[in-house]
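Numbering (the numbering used here), first residue to last: 108 to 200.
Virtual Cβ for every residue (Gly too), placed ideally from N, Cα, C.
What follows is a single structure, written as structure tokens, with notes after it.
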Amino acid sequence: MKYLTILECPVVYAAENDHALASKDMLPRFGVTSGFESQHVRVLDARITSVCIWTSEFCAKKFFGKDWSDKAADIWGDEYQMRFETIDAASAA
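Next comes the structure, spelled out in structure tokens:
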């Protein structure tokens, strides 16, 4: 069963935080991130919306784990939102 993550966050540049990470650095990457299948990104009004499809819930939650959450809290504070959803055959139709 496929899995969906939706991240909405402000655009932040590497020089703006102690982790030296830009918002785009916090997104999964093809060829590097296990179980990552598809990504659609929109940037509007200095905010990024990233919709990702994963092979499994395990892979999605592994990427967006505690280390990622700690960095996200440091970089974006309470200005980001994350949503996790299962994609089943009925919702895909």
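Straight-line gap, residue i to residue j (C-alpha atoms, nearest Å)
i	j	result
Phe191	Ile113	7 Å
Asp195	Met108	6 Å
Gln146	Lys178	21 Å
Asp174	Phe165	15 Å
Tyr187	Cys116	4 Å
Gly138	Ala153	27 Å
Thr193	Cys159	12 Å
Ala122	Ile155	18 Å
Gly142	Gly172	14 Å
Met251	Asp132	Only positions 108 to 200 of the chain appear in the structure, and residue 251 is not among them; the question remains open.
Pro135	Leu111	13 Å
Sheet register partners of residue i (DSSP bridge)
i	result
Leu128	Answer is none; Leu128 lacks a bridge partner.
Phe165	According to DSSP, Phe165 bridges with nothing at all.
Lys109	Ile194
Which of helix, strand or coil DSSP assigns to residue i
i	result
Phe137	coil
Phe143	strand
Glu186	coil
Phe170	helix
Beta carbon of residue i nearer than 8 Å to that of residue j
i	j	result
Ala129	Val119	yes
Asp185	Asp125	no
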